[in-house]
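Structure first, then comments.
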Amino acid sequence: MKIVSVLLLLLIGFGCTRQRSGPPYAPKEALKTIHVAPGYRIETFTTEPKVVSPVAMDVDENGNIYVVEDRAYPLNVKGHVGRVKMLRDTDGDGYPDTATIFAEGLVLPTSVMRWKKGILVADAPDIWYFEDTDGDGKADVKKKILTGFPFTNPQHTANGLVYGLDNWIYIAHEHAATAVVFKKEFGDQGSDVRYADRDGGPSLPRPGHNVRFRPDTGELEALSSSSQFGHSFDDYGSHFLVSNSNHVRMEAIAARYLSRNSDLPIANALDDISDHGAAAKVFSITEHPRFEMLSGVGEFTSACGICYYRGSTFTSEPVHNIIHQDALSDNGSLYLAKRVSNTSEFLASTDAWFRPVNMYIGPDGAMYVLDYYRMVIEHPEWMSSDTYNSPDLYKGEEMGRIYRIMPEGVPDKPVRVDLGKASDADLVKQLENPVVWWRRTAQRLLVDRKAVVVAPQIADLVANSKSPQGRVHALWT
Numbered sequence: 006m007k008i009v010s011v012l013l014l015l016l017i018g019f020g021c022t023r024q025r026s027g028p029p030y031a032p033k034e035a036l037k038t039i040h041v042a043p044g045y046r047i048e049t050f051t052t053e054p055k056v057v058s059p060v061a062m063d064v065d066e067n068g069n070i071y072v073v074e075d076r077a078y079p080l081n082v083k084g085h086v087g088r089v090k091m092l093r094d095t096d097g098d099g100y101p102d103t104a105t106i107f108a109e110g111l112v113l114p115t116s117v118m119r120w121k122k123g124i125l126v127a128d129a130p131d132i133w134y135f136e137d138t139d140g141d142g143k144a145d146v147k148k149k150i151l152t153g154f155p156f157t158n159p160q161h162t163a164n165g166l167v168y169g170l171d172n173w174i175y176i177a178h179e180h181a182a183t184a185v186v187f188k189k190e191f192g193d194q195g196s197d198v199r200y201a202d203r204d205g206g207p208s209l210p211r212p213g214h215n216v217r218f219r220p221d222t223g224e225l226e227a228l229s230s231s232s233q234f235g236h237s238f239d240d241y242g243s244h245f246l247v248s249n250s251n252h253v254r255m256e257a258i259a260a261r262y263l264s265r266n267s268d269l270p271i272a273n274a275l276d277d278i279s280d281h282g283a284a285a286k287v288f289s290i291t292e293h294p295r296f297e298m299l300s301g302v303g304e305f306t307s308a309c310g311i312c313y314y315r316g317s318t319f320t321s322e323p324v325h326n327i328i329h330q331d332a333l334s335d336n337g338s339l340y341l342a343k344r345v346s347n348t349s350e351f352l353a354s355t356d357a358w359f360r361p362v363n364m365y366i367g368p369d370g371a372m373y374v375l376d377y378y379r380m381v382i383e384h385p386e387w388m389s390s391d392t393y394n395s396p397d398l399y400k401g402e403e404m405g406r407i408y409r410i411m412p413e414g415v416p417d418k419p420v421r422v423d424l425g426k427a428s429d430a431d432l433v434k435q436l437e438n439p440v441v442w443w444r445r446t447a448q449r450l451l452v453d454r455k456a457v458v459v460a461p462q463i464a465d466l467v468a469n470s471k472s473p474q475g476r477v478h479a480l481w482t
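Quick note: to get my numbering, add 5 to the position in the sequence shown (first position is 1).
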């Protein structure tokens with residue numbers, strides 16, 4: 006009888022094993038492993054082969070979607086296989102159906118932002134500008150804008166290109182890490198950050214802080230705080246930052262205000278605003294999780310891609326396969342970030358290959374989640390040699406998903422994006438749009454066009470708009 010029971014258990018176990026299809030999972034199966042908080046719905050926006058190894062995205066005024074593919078992570082620094090894809094929705098159903106390579110030959114690209122008629126791309130030690138001048142869907146102009154950033158640990162390189170409320174372009178940047186095992190690959194500690202084509206222009210001596218710049222005017226400044234991978238702004242310019250164990254931080258005083266009084270005794274302008282502290286507990290639901298580092302299990306150890314959305318901050322945690330939400334409330338001159346749930350995360354997956362690394366707010370008001378989808382996500386500097394010499398290191402490099410999250414009850418219909426053809430007057434109206442993508446894009450286009458002819462309409466918006474966000478954007482436009 007005991008032998009029969011043992012055989013039966015073995016057969017049941019074998020049957021269960023046979024039924025498992027992953028990881029890795031095919032896109033449809035992967036979606037089933039993701040659990041999102043009540044009140045929200047999640048869907049697959051696009052997957053491989055249209056995108057692989059995605060780490061950042063931006064949507065331009067014509068609806069083109071630019072996605073950064075960091076295919077070389079973590080060690081292939083000589084292959085120059087990094088690239089930017091351009092995706093398009095040609096049939097108007099709200100999902101991209103074409104994908105072309107817009108820019109390639111990059112090393113470890115981390116960020117993309119629409120600028121002028123092209124895009125800016127962060128690929129340490131440089132910030133590049135790419136433009137397609139002949140309309141074939143592929144960049145034929147490549148110009149180095151900034152240079153001098155460190156090229157050390159990939160998690161510490163320049164990233165997070167964001168068009169700010171004040172019309173500066175912001176870059177997330179932290180101090181250079183010191184490589185030991187992979188010093189040959191990541192030993193570039195950087196130099197003065199400067200414009201590549203402006204001799205005698207401004208320079209920042211290895212700032213170790215976030216940076217902002219204005220390519221048109223040649224201005225370049227270091228900020229009073231730093232962020233590791235990703236940063237975000239609320240509707241009024243409050244600056245949220247992140248490091249691997251500190252999942253939500255805030256710049257308390259901007260550098261432009263500190264510089265007014267050089268005698269002010271300020272040791273640090275960065276504040277951790279979480280009420281549950283650094284290295285906070287996380288609620289992972291991963292089946293058969295994989296950890297290369299035994300420290301930090303069950304707590305924030307890879308926080309990144311922070312995103313402000315609907316009064317909360319959302320932080321990715323790819324090692325634990327989650328996205329964490331904190332509700333923001335006033336706390337003097339800063340915010341206080343409180344857990345929305347004390348028992349679960351905003352988003353969690355049972356799939357150990359699910360690697361959310363970044364988020365983006367699109368023109369439809371949805372939050373897009375970039376899933377790097379890899380077996381291994383930690384950097385080899387902290388791995389055993391057996392792991393970084395194994396084929397597991399790059400498993401998933403030709404996979405990747407982007408998910409779309411919307412609140413329940415929001416109409417599920419495609420949003421047509423055609424701001425590039427909008428008149429200046431129509432752009433002014435978009436400064437009041439409830440979705441930040443429209444406000445920010447309209448402001449950028451008005452500033453780029455130098456649309457002084459609509460100054461009276463903008464002034465009227467400042468004085469009479471019923472939208473607080475609209476008044477703020479009008480003031481800065």
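Where is the CB? At the ideal position from N, CA and C, for every residue including glycine. As the structure is a prediction and not an experimental result, all values here were calculated from the model.
Simplified DSSP assignment, three categories, for residue i
i           : result
residue 460 : helix
residue 240 : coil
residue 433 : helix
residue 33  : helix
residue 392 : helix
residue 221 : coil
residue 114 : coil
residue 233 : coil
residue 447 : helix
residue 165 : strand
residue 424 : helix
residue 109 : strand
residue 330 : strand
residue 92  : strand
residue 226 : strand
residue 294 : coil
residue 120 : strand
residue 466 : helix
N-terminal and C-terminal residue of the alpha helix (DSSP H) that residue i is part of
i           : result
residue 478 : 473-481
residue 377 : No alpha helix (DSSP H) holds residue 377; DSSP gives it neither H nor E.
residue 100 : Here residue 100 belongs to no alpha helix (DSSP H), and DSSP marks it neither H nor E.
residue 61  : No alpha helix (DSSP H) holds residue 61; the beta strand (DSSP E) holding it covers 59-64.
residue 261 : 260-263
Whole-angstrom distance between residue j and residue i, CA atom to CA atom
i           : j           : result
residue 167 : residue 442 : 12 Å
residue 173 : residue 219 : 5 Å
residue 9   : residue 26  : Here residue 9 scores only 39 on pLDDT, less than 50, and its place in the model should not be relied on; the value that follows carries that caveat. Taking the straight line from one Cα to the other gives about 28 Å.
residue 19  : residue 380 : Caution applies to residue 19, whose pLDDT of 39 falls short of 50 and renders its modelled position unreliable; the value that the coordinates give is listed next. Their backbone Cα atoms lie some 24 Å apart in a straight line.
residue 122 : residue 137 : 8 Å
residue 458 : residue 244 : 32 Å
residue 251 : residue 59  : 23 Å
residue 49  : residue 422 : 20 Å
residue 407 : residue 352 : 14 Å
residue 391 : residue 65  : 43 Å
residue 224 : residue 176 : 14 Å
residue 288 : residue 349 : 5 Å
residue 410 : residue 55  : 19 Å
residue 377 : residue 32  : 13 Å
residue 308 : residue 247 : 7 Å
residue 475 : residue 202 : 36 Å
residue 53  : residue 110 : 20 Å
residue 433 : residue 259 : 28 Å
residue 445 : residue 465 : 19 Å
residue 424 : residue 119 : 13 Å
Assumed close pair residue i, residue j - CB separation to whole angstroms, cut-off 8 Å
i           : j           : result
residue 212 : residue 227 : 4 Å
residue 80  : residue 187 : 7 Å
residue 342 : residue 280 : 7 Å
residue 429 : residue 468 : No, residue 429 and residue 468 are not in contact; Cβ-Cβ is about 19 Å, not under 8 Å.
residue 159 : residue 78  : 6 Å
residue 214 : residue 230 : 6 Å
residue 405 : residue 57  : 5 Å
residue 151 : residue 131 : 7 Å
residue 185 : residue 386 : 7 Å
Where residue i falls, given that 16 or more other Cβ within 10 Å makes a residue buried
i           : result
residue 237 : buried
residue 326 : buried
residue 84  : exposed
residue 271 : exposed
residue 329 : buried
residue 315 : exposed
residue 264 : exposed
Enclosing beta strand (DSSP E) for residue i [first to last residue]
i           : result
residue 126 : 123-128
residue 151 : 146-152
residue 398 : Counting along the chain, residue 398 falls outside any beta strand (DSSP E), and DSSP gives it neither H nor E.
residue 71  : 70-74
residue 276 : 275-277
Any chain C beta carbon closer than 7 Å to residue i
i           : result
residue 188 : Among the chains of the structure shown, chain C does not appear; only one protein chain is present.
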